[in-house]
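The sequence shown begins at 1 in the working numbering and counts up by one.
For glycine and all other residues, C-beta sits at the position ideal for the given N, C-alpha and C.
Heads up: the structure comes next, in structure tokens.
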Amino acid sequence: MQIGMMGLGRMGYNMARRLMASGHEVVAYDLNRDSVAALEAEGAVAATSVDDLVAKLKPPRAVWLMLPAAVTDGAVRDLSTRLSPDDIVIDGGNSNYRNAVDLAGELATARIHLLDVGTSGGVWGAERGYCLMIGGDADAVARLDPIFSALAPGGDPSFGTAERGYLHCGPAGAGHFVKMIHNGIEYGMMAAYAEGLNILKSANAGAVARKADAETSPLDEPQYYRYDFDVAAITEVWRHASVISSWLLDLTASALAADPDLASYQGHVSDSGEGRWTLKAAIDTSVPVPVLSSALFSRFASRGNDEFANKVLSAMRQAFGGHVEKLKEGQ
């Protein structure tokens, strides 16, 4: 089957390679011409522009976009002006599901289908396959089943598509909604691992000399906190038959094995929007999500966005109690 691919970043490039490995023809376009040339060398058909991409696709066309959410809507609208009735546009990025609902309605007036496909698998997807959460018109989804099947991990064809790694979740926006919640859960899981490992890392607090002053809380029963744990080894043993084993834990164990102190990281944790949208959906539907909200707010804090609040706390403590702020280590 022939498909156009716009956006050859970390995921788009590998998705194209996986499709080609399954015998599909990929017409590739990206602003980075080196990425296009590299994929062409692996067997893709190179496109030099959006117009060239559309021209090289046989009607009815299918174009898959793997672009940042900030530019996706504009790219979809621009692409749709070049397409014909019954063509399909697939948004596989982390876009807001509300945008997918609106865009699908806009494109429907020109009888162009928009499918929103939440795509999970990261940089390992080329080998492991991608988990695909699909929203949009059922007939358009069925037409692209060979594409979804090739991208997904696969399995026994006698089972349903969910068992093979892809699912038509519902009408427009459903795919991105499910992926949004998927990523919100991901935030919570990552935070739980990180917080637990941080306790293990600090479990030798009883062996560390603490200052005896009014600004330092004493450690009760220090004899119970004299463990110098090998955190990398602990994450490794948890991978084997533990109830908290997961692919996230596998990746964490691998990172700690290579860099036990994670010295190459600064701890500046970004978010691409899905956690925020998950919280909005929870608020709109009156669903409590204390774990997911805490995980998102901890990411904000990691970027220094709590700095002024912490200064306010120090100012209040000094004002009411004369507490002089202690300098951070290294200052």
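In the displayed model, E25 falls within a strand according to three-state DSSP. Approximately 13 angstroms separates the beta-carbon atoms of G160 and C169; this is outside 8 angstroms, ruling out the contact. Minimum Cα-Cα distance from D73 among the listed residues V63, D51, A100 and P60 corresponds to A100.
Straight across, the Cα-Cα distance linking V237 with M1 is about 44 angstroms.
For H176, the enclosing alpha helix (DSSP H) begins and ends at A174 to K201. Shortest Cα-Cα distance from S270 to any of A263, F297 and Y225 involves F297. In the DSSP assignment, no residue is bridged to L107.
Restricting attention to beta strand (DSSP E) runs no shorter than 3 residues, the segment 82 to 155 encloses them at 88 to 91, 113 to 120 and 131 to 135, ordered along the chain. Cα atoms of G92 and A301: separation of roughly 29 angstroms, rounded to the nearest angstrom. Shown here, L65 sits in a strand according to DSSP, grouped into three states. D284 and A37 have their C-alpha atoms roughly 46 angstroms apart. Cα atoms of G118 and T216: separation of roughly 48 angstroms, rounded to the nearest angstrom. In this structure, the beta-carbon distance from S35 to A69 does not fall below 8 angstroms. Rounded to whole angstroms, I147 and I244 show a C-alpha spacing of 33 angstroms. By the criterion of at least three beta-carbon pairs nearer than 8 angstroms, the segment 7 to 15 is in contact with the segment 115 to 134.
Residues of the same chain with a CB within less than 6 angstroms of the CB of R61, apart from the 5 flanking positions on each side, are D87 in chain order.
The beta carbon of G121 sits closer than 7 angstroms to the beta carbons of R128, G129, Y130 and C131 from its chain, once the five residues preceding and following it are set aside; these are given in chain order. Between the alpha carbons of L200 and E42 lies a gap of roughly 46 angstroms. Looking from the CA of M189, the closest CA among S294, M66, F320 and Q266 belongs to S294.
If the five residues before and after I234 are omitted, its C-beta is found closer than 7 angstroms to the C-beta atoms of L200, all from its own chain and listed in chain order.
The beta-carbon separation of L151 and Y193, rounded to 27 angstroms, does not stay under the 8 angstroms limit for a contact. Membership of L296 in the alpha helix (DSSP H) is indicated by the continuous run P290 to S302. When the Cα atoms are used, R276 and Q223 turn out to be separated by approximately 42 angstroms. Straight-line measurement puts the Cα of Y97 at about 15 angstroms from the Cα of L65. In this model, R77 and L103 are separated by some 8 angstroms (Cα to Cα). In the three-state reduction of the DSSP assignment, Q266 falls in the coil class.
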